[in-house]
Amino acid sequence: MRASREHLDGLARLHRIADAEERRAVFRQSIATLAAAASDLRPVPLEGLDPIALRDGTRMALASGLFEDLGWLKPAAAAGALYELGAALPAGDEKRELGRRVLRALHEGNAATFTLLATLLATGSRRGLSGSAIRARVALALDMPIGSGIRADPLALALIARRDLAEDWLITPSTGSLPSRRLAARLLERAAREAARRAKAGDAGALAIFDRPSVQSATQRLLSDREPLVWRHVATARGLLAQAIPRFGVEIDDSLHASLTPTEWRRAAASLASTMAIDAERARRRCADLLQSDLARRDPGLASAMILGLARAAEAEPDAAEELLNQLVRAGGLDAIEALIEIRAERVGGELGEWAARLALARLREDAIARDEGDDGRAALLRAIDFELRSRDERDGSLPTLRDQLDDAKAAFVEADARTAYGKAFGVLRNVEGILRLLEESRDEDRDARIESFLRLRELDSALLESSSLADLLQLGDKGAGAAHRVLDNVFERLTTYLGSRESEPVRGEVEHITLRLRRMRTLLHVVDADGGHLDERTAELRDRRLRTGRLLVKRAREDEPSPLRRIVGASLARACDAILREELGELSDVLIAAASHLHSEHDLGIVAEATMVPEAADAFRAYASLIERTERSARVTEARALTSLDGLKALIRHLPGAGSPRVEALRVALLAYAEAIESISDAGSLAELAGLLEGTSSAIAALGEASSALARLVVGARRRLGESMSGDVPNVGAALRAVDVAVLQAARAGQDASAVGDAEEPFDLGSLADAIAAGIDTLRVDLPLHLAEVAANVLARIVTLPAYAQRRSRPPRATSRAREAALPPWLPPSRTIGGFYVLRALGSGAVGSVFVARRAEERSNETAPRFALKVPEYAGSAARTLSEGEFLQLFREEAGALLAVPPHPNLAKLVTFDAGARPKPILVMELVEGPTLERIIETGALDMERALRVMWGIASGLGAMHEVGVGHLDLKPSNVILRDPDGPGPELETSVLVDFGLAGRKLRPGCATASYGAPEVWGLMPKGHSPRPMPADVYALGCVMYEILTGQTLFTGPTDLSIVTAHLQHDGDLRALDALVELEHDLLPLVDAIRHALRQDPRQRATIDDICRAIETCAPMLSRMRWPLPAPAILAA
45 MRASREHLDG
55 LARLHRIADA
65 EERRAVFRQS
75 IATLAAAASD
85 LRPVPLEGLD
95 PIALRDGTRM
105 ALASGLFEDL
115 GWLKPAAAAG
125 ALYELGAALP
135 AGDEKRELGR
145 RVLRALHEGN
155 AATFTLLATL
165 LATGSRRGLS
175 GSAIRARVAL
185 ALDMPIGSGI
195 RADPLALALI
205 ARRDLAEDWL
215 ITPSTGSLPS
225 RRLAARLLER
235 AAREAARRAK
245 AGDAGALAIF
255 DRPSVQSATQ
265 RLLSDREPLV
275 WRHVATARGL
285 LAQAIPRFGV
295 EIDDSLHASL
305 TPTEWRRAAA
315 SLASTMAIDA
325 ERARRRCADL
335 LQSDLARRDP
345 GLASAMILGL
355 ARAAEAEPDA
365 AEELLNQLVR
375 AGGLDAIEAL
385 IEIRAERVGG
395 ELGEWAARLA
405 LARLREDAIA
415 RDEGDDGRAA
425 LLRAIDFELR
435 SRDERDGSLP
445 TLRDQLDDAK
455 AAFVEADART
465 AYGKAFGVLR
475 NVEGILRLLE
485 ESRDEDRDAR
495 IESFLRLREL
505 DSALLESSSL
515 ADLLQLGDKG
525 AGAAHRVLDN
535 VFERLTTYLG
545 SRESEPVRGE
555 VEHITLRLRR
565 MRTLLHVVDA
575 DGGHLDERTA
585 ELRDRRLRTG
595 RLLVKRARED
605 EPSPLRRIVG
615 ASLARACDAI
625 LREELGELSD
635 VLIAAASHLH
645 SEHDLGIVAE
655 ATMVPEAADA
665 FRAYASLIER
675 TERSARVTEA
685 RALTSLDGLK
695 ALIRHLPGAG
705 SPRVEALRVA
715 LLAYAEAIES
725 ISDAGSLAEL
735 AGLLEGTSSA
745 IAALGEASSA
755 LARLVVGARR
765 RLGESMSGDV
775 PNVGAALRAV
785 DVAVLQAARA
795 GQDASAVGDA
805 EEPFDLGSLA
815 DAIAAGIDTL
825 RVDLPLHLAE
835 VAANVLARIV
845 TLPAYAQRRS
855 RPPRATSRAR
865 EAALPPWLPP
875 SRTIGGFYVL
885 RALGSGAVGS
895 VFVARRAEER
905 SNETAPRFAL
915 KVPEYAGSAA
925 RTLSEGEFLQ
935 LFREEAGALL
945 AVPPHPNLAK
955 LVTFDAGARP
965 KPILVMELVE
975 GPTLERIIET
985 GALDMERALR
995 VMWGIASGLG
1005 AMHEVGVGHL
1015 DLKPSNVILR
1025 DPDGPGPELE
1035 TSVLVDFGLA
1045 GRKLRPGCAT
1055 ASYGAPEVWG
1065 LMPKGHSPRP
1075 MPADVYALGC
1085 VMYEILTGQT
1095 LFTGPTDLSI
1105 VTAHLQHDGD
1115 LRALDALVEL
1125 EHDLLPLVDA
1135 IRHALRQDPR
1145 QRATIDDICR
1155 AIETCAPMLS
1165 RMRWPLPAPA
1175 ILAA
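Under the working numbering, the sequence shown has 789 at position 745, and the numbering climbs by one with no breaks.
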């Protein structure tokens, strides 16, 4: 060691050596010593030397041309020496020059050079291993066969030792594409090998890395992977560390318990075989015992699993590994022989498995496993295995396979340099195109064609999809990499198209040539799982390819009859979903909705949940599969139907990530509202409670309609984003459930009426209600995924069994209710106090604001204290047509003050206070008027003509009181009129009360109105030179509302707000709908004329409130004798 240190000191005194020959000798001696230290990965070998002296010595060496002649060192050793010397130098020209040389070696050198430099960089700067070209080289280094001699184990350990690098190279890739997961698994295997080697030498420090929670999670995730290409490496890593980390040994033993499944057994068998590297005799005995055990009889695949774990063991114990390998090949089936081919590709010791290969060839000639049984795919598989078991010299002059060619390209990276390897890889790519062309031209119409198709697919799968080696090798050509990867991307497009055309039709009946069909589906799974990493940008072609394949797999999963293909179809769909999420083509909510919309089997959703590599998606799919199971189980257990399926829905909500992406959060919130509404319906004890007629209740059916509409919109959006063509943008479920709501209210009132005349015991007719419920359930099943719809259907179906009225039962607060309370707007302070008022709950929202139920802050806990309606302006929707946000809020502050001038009136909600300075927003506080809205009364058909007259008179009276002081309401519509029940007993009738004065004031606000009731001047159509006032706009709205009260129909309706607004601008009161009323009854002419004049375009020519009141009074006697509603058409806007 002392001599080595003295040799390194020579670098710090080169500038003081005058003799050129002596300087050259000292330089060579010092650089050789430094190269040896770098190759042995000795940390900071130049530590302690004077950096200035090193700089001066390096400057002299550069000037003397000594760095130009390093050919006497191996390229890797020379590059390592340059790296260590450059790292020890202070900033300056010399450091930059050595850095340039190291960078050139990193990009142009061979595999050994790159691997050494990458290992040194991994312990230094994180940026040194960034970029696609460097990542590709790291992947190649980790994927080199064991027999290649590339020392990638220290690199692997360095990549998981640093937490930032572990995130990039292990944690994130463990949920990525097949090549990413396979690379992460190889990384773990090589890191485990290095950690075990160090532990055996007395350095156990690296073992702690495998106890980190993030590394443990990634390890478990990769070990659970469905692909043997992935889990075999993690199982091997576990076996290599079983002695150094005892919990791994316990885990292996526990996983071989008879109560578990082949999934655990096979991974444990591979781990057990790999323990031969640390305790050959014990491992040999245990493997022999396992081979003779009941587990091996129950799962013949254990033999192939043990073979997959032998590659690393064969390095340390070649004889013991060879002996066990022979036993396993004798005992196993075709899968064991295929596993033999895989580990021979590792080229351990050059001759590992040679005798086992001869045994396998003999079995193929003589054994029952060689029978193809009329399956052309199996015949092709047998031919491929026979060919691949033979060495190249034994293949009778056959051309090398794509995998052979790929191995040659990797060997060129080891033995030559990156440029040579790239050239060979490009040749492989051209041959891939050639094989793909032959595949595309084949028709699979006879046995020979089917056999050739199988062989070509197997070649393409092995060379192109099972690893990223070809794509990585193409990254070695810095200038040509882009063009090569565009060719590779086109290969994936063509292969996807070919497989899609061959596997587009759902399975019907028995599957012929099942091995060929499985090969196609396995290749399609690998295409879906591997495609996408070749171009830096996400192209439109890739997006289309992803979505096209996803749609094909959804169709297959939905329509396939039971067959041996069903599991791989489900797994392929899961990987397609993973790719959509990974490449941000959709969100978790999208793939969950798509799967739930098409897969109606718990088993199928379970396969998707098991196969996905995205943990959040697995949780969501598993929860939805549980929902299906609970829903279908509850259908067989009638008394538990609603409760069981609702529990499944709640579990699904819990398994959706909170505060995730906007669409996932929207789905979670919509499901919460849906669950709460369903629970409210389930808890209701009467139709009156359901309809919101009892004190302290609101319509649960209306809440279900709102939640279902929100869910249905999310379903439409998700399915459209994933490429499905949807028939319409507007779901029908909201309208269908509104009809149920109306029917419930009518049935409740009918029951009340029957009770009032003494027929409480006589059942009232529920036929209309049953019909509405049936239609609502049918629409739910159309607009929502089936089993989400069934949760609501379970509770809707029981509504007809409820009495009309019953005393409301007290119930404990529900979890869903508590969750929904959190849906208050995010701007509301945590104290829920604004302007001296405490917000209890949201009441509703409109075009220009939100309304809350509130108490005074000091009385927040007093249940008997008065409650108020608190209005907060919100700049959105119609206000944005003509006003900026600042202008909108300023108008609110100015005009709300005008309400102080409005006198108390029985038809107007009382103003309590206005606080323009409240923070975070100004507030308007009114009395809380409780009762049904006019909109709901009309919708439920609960009017008669006498009641209609009273309502019209009350609205006109309230407006008149406001107009007398020059203030307009400016947002008159049925939902802003509440029919307040009379206080106390007696003959008093209900009172029509105008509420929601958020737009009220002395100034018209252009664009601020509800489309169906806004006067032309609100939408910008004003007579020249006239400044519009708010009162005529109220009169126009009153005309619209009166027509609606009389007929039950909105006067102006259309598909969009714009079309309705346009209709307002295209008439002058001369409307066919009004003419129809006069034709029905000529004596209505005074009232119709008043409405016609209320609807004039010019505000100056409109009727006044007094004119309308006189018309109502004139026509009242005749109207009171007519049946409500009057038949008349609405004005349908284009």
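Where is the CB? At the ideal position from N, CA and C, for every residue including glycine.
#1: List the endpoints of the continuous alpha helix (DSSP H) containing residue 1149.
#2: Taking the beta carbon of residue 46 as the centre, do at least 16 other beta carbons fall within 10 Å, making it buried, or is it exposed?
#3: With distances taken between CB atoms, is the gap from residue 560 to residue 543 smaller than 8 Å?
#4: Buried or exposed for residue 62, please, with buried defined as at least 16 other CB atoms from any protein chain shown within 10 angstroms of its CB.
#5: When burial is assigned at 16 or more other CB atoms within 10 Å of the CB, is residue 1124 buried or exposed?
#6: Please classify residue 1172 as buried or exposed, where buried requires at least 16 neighbouring CB atoms within 10 angstroms.
#7: Apply the 10 Å Cβ neighbour rule to residue 885 and answer buried if 16 or more other Cβ atoms are within range, or exposed otherwise.
#8: Apply the 10 Å Cβ neighbour rule to residue 1068 and answer buried if 16 or more other Cβ atoms are within range, or exposed otherwise.
#9: Can you give me the start and stop residues for the alpha helix (DSSP H) that residue 244 sits inside?
#10: In this structure, how does DSSP classify residue 46 when only helix, strand and coil are distinguished?
#11: Which residue marks the beginning of the beta strand (DSSP E) containing residue 254, and which one marks its end?
#12: Just verifying my parser: in three-state terms, what is the DSSP assignment at residue 118?
#13: Give me, in chain order, the residues of the same chain whose beta-carbon lies closer than 7 Å to that of residue 1121; leave out the 5 immediate sequence neighbours on both sides.
#14: Determine contact between the region 614-623 and the region 646-659, defined as no fewer than three beta-carbon pairs at a distance below 8 Å.
#15: So what does DSSP say about residue 536, is it helix, strand or coil?
#16: Which of helix, strand or coil does DSSP assign to residue 1041?
#17: Looking at the secondary structure, which residues open and close the alpha helix (DSSP H) in which residue 1022 lies?
#18: Please list the terminal residues of the continuous beta strand (DSSP E) segment that includes residue 996.
#19: Output the boundary residues of the beta strand (DSSP E) element that contains residue 843.
#20: At what residues does the alpha helix (DSSP H) containing residue 510 begin and finish?
#21: Starting from the Cα of residue 1222, find the closest Cα among 503, 468, 1113 and 557 and give me that residue.
#22: Taking only the alpha-carbon atoms, compute the straight-line gap between residue 782 and residue 262 and give it to the nearest angstrom.
#23: Compute the distance between the beta-carbons of residue 52 and residue 83, then report whether it is under 8 Å.
#24: Please determine, among 813, 780 and 776, the residue with the shortest C-alpha to C-alpha distance to residue 794.
#25: In the DSSP assignment, find the alpha helix (DSSP H) that holds residue 572 and state where it starts and stops.
#26: Can you grab the Cα-Cα spacing for the pair residue 554 / residue 546, in whole Å?
#27: By how many angstroms is the C-alpha of residue 495 removed from the C-alpha of residue 328?
#28: Indicate the three-state DSSP secondary structure (helix, strand or coil) for residue 1187 in the structure shown.
#29: Express the C-alpha separation of residue 322 and residue 214 in angstroms, rounding to a whole number.
#30: What's the C-alpha gap between residue 461 and residue 274?
#31: Does DSSP put residue 1172 in a helix, in a strand, or in coil?
#32: Please report how far the alpha carbon of residue 721 lies from the alpha carbon of residue 727, in whole angstroms.
#33: Between residue 768 and residue 710, what straight-line distance do the alpha-carbon atoms span, to the nearest angstrom?
#34: With the cut-off set at 8 Å, would you say residue 1148 and residue 1085 are in Cβ contact?
#35: Where does residue 35 sit, in a helix, a strand or coil, going by DSSP?
#36: In this structure, how does DSSP classify residue 878 when only helix, strand and coil are distinguished?
The answer reads as follows:
#1: Stepping through the sequence shown from its first residue, residue 1149 is reached at position 1105. Run containing residue 1149: 1149-1163, per the alpha helix (DSSP H) assignment.
#2: The count along the sequence shown starts at 1 and reaches residue 46 at position 2. Low local confidence applies: a pLDDT of 49 at residue 46 is under 50, so the model's placement there is unreliable, and no value is given.
#3: Working through the sequence shown from its first residue, we reach residue 560 at position 516. Working through the sequence shown from its first residue, we reach residue 543 at position 499. Cβ distance not < 8 Å, so residue 560 and residue 543 don't count as in contact.
#4: Within the sequence shown, residue 62 is the residue found at index 18, counting from 1. Residue 62 is exposed by the Cβ-count criterion.
#5: Your numbering for residue 1124 matches position 1080 in the sequence shown. Burial call: exposed.
#6: Reading the sequence shown from its first residue, position 1128 is the one you call residue 1172. With 16 or more other Cβ atoms within 10 Å, it is buried.
#7: Here residue 885 is taken as the residue at index 841 of the sequence shown, counted from 1. Residue 885 should be labelled exposed.
#8: Stepping through the sequence shown from its first residue, residue 1068 is reached at position 1024. So residue 1068 ends up on the exposed side.
#9: Within the sequence shown, the letter at position 200 stands for residue 244. Segment 222-244, the alpha helix (DSSP H) holding residue 244.
#10: Numbered from 1 along the sequence shown, position 2 holds the residue referred to as residue 46. Only weak support exists for where residue 46 lies, its pLDDT of 49 falling under 50; the value from the coordinates is given anyway. Helix.
#11: As a working note, residue 254 is residue 210 in the sequence shown. Careful: residue 254 lies outside any beta strand (DSSP E) and carries neither H nor E.
#12: Here residue 118 refers to the residue found at position 74 of the sequence shown. Note: residue 118 maps to coil in three-state DSSP.
#13: Locating residue 1121 in the sequence shown gives position 1077, counting from the first residue. Cβ within range, chain order: 1128, 1132, 1170 and 1172.
#14: Judged by Cβ distances under 8 Å, the region 614-623 makes contact with the region 646-659, as three or more pairs qualify.
#15: As a position in the sequence shown, residue 536 is number 492, starting the count at 1. Reduced to three states, the DSSP call for residue 536 is helix.
#16: Start at 1 with the first residue of the sequence shown, and residue 1041 comes out as number 997. Note: residue 1041 maps to coil in three-state DSSP.
#17: Residue mapping note: residue 1022 aligns to position 978 of the sequence shown, counting from 1. Run containing residue 1022: none in the alpha helix (DSSP H); it sits in the beta strand (DSSP E), 1021-1024.
#18: For this step, residue 996 is matched to residue 952 along the sequence shown. Segment 989-1008 is the alpha helix (DSSP H) holding residue 996; no beta strand (DSSP E) there.
#19: Residue numbering aside, residue 843 sits at position 799 when the sequence shown is read from its first letter. Careful: residue 843 lies outside any beta strand (DSSP E) and carries neither H nor E.
#20: The count along the sequence shown starts at 1 and reaches residue 510 at position 466. Premise fails: residue 510 is in no alpha helix (DSSP H) and is neither H nor E.
#21: Outside the displayed span of the chain (45 to 1178) sits residue 1222, for which this structure offers no information.
#22: For this step, residue 782 is matched to residue 738 along the sequence shown. For this step, residue 262 is matched to residue 218 along the sequence shown. Distance between the alpha carbons of residue 782 and residue 262: 49 Å.
#23: What you label residue 52 is simply residue 8 of the sequence shown in a count that begins at 1. What you label residue 83 is simply residue 39 of the sequence shown in a count that begins at 1. When the beta-carbon positions are compared, residue 52 and residue 83 stay at least 8 Å from each other.
#24: Against the sequence shown, residue 794 aligns to sequence position 750. Closest option to residue 794, Cα to Cα, is 813.
#25: By one-based count along the sequence shown, residue 572 stands at place 528. Here the alpha helix (DSSP H) through residue 572 covers 558-574.
#26: As a working mapping, residue 554 is identified with position 510 in the sequence shown. As a working mapping, residue 546 is identified with position 502 in the sequence shown. Using only the alpha carbons, I get a separation of about 17 Å.
#27: For the purposes of this step, residue 328 is taken as the residue at position 284 of the sequence shown. For the purposes of this step, residue 495 is taken as the residue at position 451 of the sequence shown. Roughly 39 Å separates the two Cα atoms.
#28: Lying outside 45 to 1178, the shown extent of the chain, residue 1187 is not represented and no answer is given.
#29: Within the sequence shown, the letter at position 170 stands for residue 214. Within the sequence shown, the letter at position 278 stands for residue 322. Going by the C-alpha atoms only, they are around 25 Å apart.
#30: Here residue 461 is taken as the residue at index 417 of the sequence shown, counted from 1. Here residue 274 is taken as the residue at index 230 of the sequence shown, counted from 1. The straight-line gap from Cα to Cα measures roughly 28 Å.
#31: As a first step, residue 1172 must be located in the sequence shown, where it is residue number 1128. Looking at residue 1172 - three-state DSSP - the assignment turns out to be coil, as it is neither helix nor strand.
#32: Residue numbering aside, residue 721 sits at position 677 when the sequence shown is read from its first letter. Residue numbering aside, residue 727 sits at position 683 when the sequence shown is read from its first letter. In a straight line, the C-alpha of residue 721 is about 10 Å away from that of residue 727.
#33: In the sequence shown, counting from the first residue as 1, residue 768 sits at position 724. In the sequence shown, counting from the first residue as 1, residue 710 sits at position 666. Their Cα atoms are separated by approximately 21 Å.
#34: Mapped onto the sequence shown, residue 1148 falls at position 1104. Mapped onto the sequence shown, residue 1085 falls at position 1041. Contact flag unset, no.
#35: Examination of residue 35 is not possible in this model, given that the chain is present from 45 through 1178 alone.
#36: Looking up residue 878 in the sequence shown gives position 834. Looking at residue 878 - three-state DSSP - the assignment turns out to be strand.
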